[in-house]
Amino acid sequence: MKKPILLFLLIAITLASFAQKTTKNDGEWSKQFLVLRNTSEAELMIRVGDIDNLGFGWEDDFNPFAGKSTPTHDYPWEVRISDAPGTDRIMVPTSYNYNAPKGSEGYTNLTQRPANNPIAIAIPLYELKNIKIDSASLQLFIDDFQAPTMYSKFQCKINGVRFTEAEKMINKIKQDGPVGKLITIRLTPEFLQKLAGDSLKIFIDDPTTGIGDGFAIDFVKLLINPKATYTGKLQGKIIDAVTREPIANATAAVEGYGSAITNTKGEFIIDNVPAGLTIVTGSATGYSSDEKQADVIAQETSEPIELELKRSGKVFYNNTTLQEGDNLVINNIQFTVNSSTLLSEGKKELDKLAALLKKNSNLEILLSGHTSSEGSATLNRELSLKRVRSCKDYLTSKGIDDGRITIKGLGPDMPIAPNDTETNRAKNRRVELKITKL
């Protein structure tokens, strides 16, 4: 009888020690909600969810922010009422039907509806009212996402709008075990605008495939004007998938955090990559891009990642042959003055683009909005973003999956002509199309 008592006391002491853990960047780890200002990692940090590895605690000296995966843990576990909604619980995609299963794993098989329905994680934003926001990142400590092996297709929505950059990362992550690990995602300008509201609601789900790829999230952090704290180096090589020869002058990039050009051996190193799971993309002229998951550990260099590029296919649009990586100004995209309302000429042009996307189901695009230099640069960036959002909304109304369309509002930042005459200013007011995947 003494051994069980000793074991119980040991567990109790460990949990008590964990509950008292406090760090400068995260305060008391046991708190379900916390706001800190002027830490070494950000001007402002808002955290939702306690830092407790889904209730299992951490091994001695384990730092969840340094990029290492947790050891495997048991499942299922009991959800505590005190846990922040959307955290520390198993969630199973809404498309999974227990009466007609298409494929599942342990998290799904050992839990039931409605307890495992996906729940949004809401980050209150009242602390942001008097802060000038130049950039922001989300950190999520995620657990058991397995899209590459389960063939699930997760969607990530922020305040109801799909965050395609986050989806691309989540759908490349393979976390069987189950194990947990940190990911860091830079908010794009479209989602920086959402920070002006009352809350940021993050909702992750796979609403389409019917696959039972259960997952969990331990905590979420919003970092305002973040600084690099836990970073490492990501190394790799880009090669031709057929010849196996290295590709020089190719680009390796981690979205929002840096890029590097390959040397004559096809090798690259990207510095200051946030610790944790990340996705690196390789691209080169004439090739289709390749993406791979990478593990980055703080103050270390990653294991080499090999990116294999295949020759790009081609599409024909507006009397022009395009391949992956090509840019084209879309003619006749016109809006009502100082608004994002599409005129009929623009809709006709977008109908052509919708037809192209329907014909080429693997095609993914970036739409970027540009303005002349007249007026406020900030307001022009906002207007250009609203205008390409209108273009995206129109394309999705024609049946195009919005996950295939990324948008950016660049305002006056990338002119193609001097802003010295009305003719040149008209050239700078444009919508550009880039083929990002083919």
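Residue numbers (my numbering): 33 to 470. Virtual Cβ for every residue (Gly too), placed ideally from N, Cα, C.
State the Cα-Cα distance for the pair residue i and residue j, rounded to the nearest angstrom.
i           : j           : result
residue 320 : residue 340 : 9 angstroms
residue 386 : residue 267 : 38 angstroms
residue 178 : residue 456 : 50 angstroms
residue 437 : residue 250 : 30 angstroms
residue 50  : residue 130 : Low confidence applies to residue 50: its pLDDT is 46, below 50, so where it sits in the model is not reliable enough to give any reading.
residue 395 : residue 467 : 7 angstroms
residue 39  : residue 315 : Note that residue 39 scores a pLDDT of 40, beneath 50, so its modelled location is shaky; the value from the coordinates is reported in the next line. Approximately 54 angstroms between the Cα atoms of the pair.
residue 411 : residue 284 : 32 angstroms
residue 459 : residue 83  : 51 angstroms
residue 46  : residue 92  : Note that residue 46 scores 46 on pLDDT, short of 50, meaning its location in the model is unreliable; the coordinates nonetheless yield the value given after this. When rounded, the distance between both Cα atoms is 10 angstroms.
residue 282 : residue 433 : 29 angstroms
residue 72  : residue 286 : 23 angstroms
residue 350 : residue 190 : 34 angstroms
residue 111 : residue 63  : 16 angstroms
residue 77  : residue 352 : 47 angstroms
residue 428 : residue 366 : 18 angstroms
residue 161 : residue 171 : 21 angstroms
residue 338 : residue 206 : 17 angstroms
residue 148 : residue 181 : 21 angstroms
Could you give the DSSP three-state label for residue i: helix, strand or coil?
i           : result
residue 303 : strand
residue 104 : coil
residue 457 : helix
residue 359 : strand
residue 349 : strand
residue 164 : coil
residue 183 : coil
residue 157 : coil
residue 202 : helix
residue 196 : helix
residue 341 : strand
residue 318 : coil
residue 178 : strand
residue 325 : strand
residue 62  : coil
By the 10 Å Cβ neighbour count, where 16 or more other Cβ atoms means buried, how is residue i classified, buried or exposed?
i           : result
residue 408 : exposed
residue 136 : buried
residue 446 : exposed
residue 169 : buried
residue 277 : exposed
residue 119 : buried
residue 204 : buried
residue 94  : exposed
residue 245 : buried
residue 144 : exposed
residue 100 : buried
residue 142 : exposed
residue 390 : exposed
residue 113 : exposed
residue 213 : buried
residue 132 : exposed
residue 403 : buried
residue 343 : exposed
residue 400 : buried
residue 106 : exposed
residue 369 : exposed
residue 416 : buried
residue 158 : exposed
Nearest CA to the CA of residue i: which residue from the options?
i           : options            : result
residue 74  : 315, 216, 57, 138  : 57
residue 103 : 118, 372, 85       : 85
residue 239 : 142, 390, 184      : 184
residue 154 : 429, 373, 141, 81  : 81
residue 123 : 304, 235, 377, 351 : 235
residue 219 : 433, 439, 410, 114 : 439
residue 441 : 406, 108, 380, 418 : 418
residue 372 : 285, 242, 424, 214 : 424
residue 254 : 66, 143, 328, 55   : 66
residue 290 : 312, 299, 470      : 312
residue 414 : 92, 222, 189, 115  : 222
residue 55  : 88, 97, 188        : 97
residue 163 : 127, 69, 79        : 69
residue 449 : 405, 426, 465      : 405
residue 443 : 464, 428, 431, 454 : 464
residue 509 : 259, 308, 298, 161 : The structure shown does not extend to residue 509, since the chain is modelled only from 33 through 470, so no value can be given for it.
residue 361 : 206, 462, 330, 186 : 462
residue 241 : 157, 228, 127      : 127
residue 393 : 323, 435, 157      : 435
Taking only heavy atoms of the ligand FMN into account, decide whether any of them is closer than 6 angstroms to the Cβ of residue i.
i           : result
residue 119 : The ligand FMN is not part of this structure, which contains no ligands at all.
Worksheet entry | beta strand (DSSP E) segments (min. 3 residues) lying fully within the region 205–293 | Entirely contained in the region 205–293, the beta strand (DSSP E) runs reaching 3 residues are, in chain order, 212–218, 231–237, 248–258, 263–272, 283–286, 290–293.
Discussion item. So within the region 363–436, which uninterrupted alpha helix (DSSP H) runs reach at least 4 residues, ignoring any that extend past its ends?
Written reply: Those alpha helix (DSSP H) runs which fall completely within the region 363–436 and span 4+ residues are 376–391, 409–429.
Worksheet item: Whole alpha helix (DSSP H) runs in the region 67–147 with 4 or more residues, listed along the chain?
Response: 138–141
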